[in-house]
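Student:
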Amino acid sequence: MKHGPVILIEDDADDKDVFQDILKDLKVFNPVVWFKNCDEAFSYLKTTSEQPFIIFCDVNLPGLSGIECKRQIDNDQELRKKSIPFVFCSTSVDQKTVDEAYTKMTVQGYFQKKNTYAELKETIKLIVAYWEECKHPNTK
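For what it's worth, our numbering labels the leading residue of the sequence shown as 54, then goes sequentially.
1) When you measure from the CB of LYS69 to every non-hydrogen atom of the ligand ADP, does any distance come out below 7 Å?
2) Taking contact to mean 3 or more Cβ pairs, one atom from each stretch, closer than 8 Å, check whether the region 109-118 and the region 140-149 are in contact.
3) In chain order, what residues of the same chain lie with their CB nearer than 8 Å to the CB of VAL86, ignoring the 5 residues before and after it?
4) Does the distance from the CB of LEU79 to the CB of LYS167 come in under 8 Å?
5) Report yes if the C-beta distance between GLN125 and PHE95 is below 8 Å; otherwise report no.
6) Are the CB atoms of GLU93 and ILE120 nearer to each other than 8 Å?
7) Quick check: what's the CA-CA separation for ILE107 versus SER118?
8) Kindly provide the ranges of any beta strand (DSSP E) runs that are 3 or more residues long and lie completely inside the region 67-114, ordered along the chain.
9) Just to confirm the assignment, what range does the beta strand (DSSP E) spanning GLY119 have?
10) Buried or exposed: LYS123, going by 16 or more other Cβ atoms within 10 Å of its Cβ?
Next up, the structure:
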């Protein structure tokens with residue numbers, strides 16, 4: 054398992070708890086670094102010396118939306134060089150937002166939050182397994 058932290062940008066504490074429980078069930082022991090908004094996450098990403106494993110981000114957030122957050126990361130050369138996989142996981146799946154995520158920025162996935170724990174667990178399992186195997190510029 055790649056050891057960097059899993060970044061979760063999610064304003065709902067209940068969703069955060071479910072996400073952490075799922076990672077524990079999947080035996081993903083990477084630390085989870087949780088941010089309620091994009092400003093805090095961006096500040097962390099700019100200052101951390103760690104190489105995060107992946108970023109999971111909601112779309113509807115207070116302040117900057119998840120879309121605006123990803124755009125901010127893409128516009129920062131230093132963060133682009135880190136090549137951190139960025140995946141949207143949101144209840145909001147309107148086609149216009151999905152299209153924007155894939156055509157106006159470098160998003161690596163857009164997934165709808167599932168209605169049951171088992172369905173969400175399966176989705177997160179697939180995402181984590183993919184990025185565990187995937188090679189990208191900063192994999193060791």
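Even for Gly, the Cβ is constructed at its ideal location relative to N, Cα and C. Please read all numbers here as calculations on a predicted model, not as lab measurements.
Tutor: Short version:
1) The ligand ADP is not among the ligands present in this structure, which contains no ligands whatsoever.
2) yes
3) By 1-based counting over the sequence shown, the position of residue 86 is 33. Cβ within range, chain order: PRO58, VAL59, ILE60, LEU61, TYR97, PRO105.
4) Taking the first residue of the sequence shown as 1, we reach residue 79 at position 26. Taking the first residue of the sequence shown as 1, we reach residue 167 at position 114. Contact: no.
5) Reading the sequence shown from its first residue, position 72 is the one you call residue 125. Reading the sequence shown from its first residue, position 42 is the one you call residue 95. The answer is yes: Cβ separation under 8 Å.
6) By one-based count along the sequence shown, residue 93 stands at place 40. By one-based count along the sequence shown, residue 120 stands at place 67. No, these two residues do not count as a Cβ contact at 8 Å.
7) Position 54 of the sequence shown, counted from the start, is the residue given in the question as residue 107. Position 65 of the sequence shown, counted from the start, is the residue given in the question as residue 118. Between ILE107 and SER118, the C-alpha separation is close to 18 Å.
8) 85-88, 107-110
9) In the sequence shown, counting from the first residue as 1, residue 119 sits at position 66. Element bounds for GLY119: not the beta strand (DSSP E) but the alpha helix (DSSP H), 119-127.
10) One-based indexing of the sequence shown puts residue 123 at position 70. So LYS123 counts as buried.
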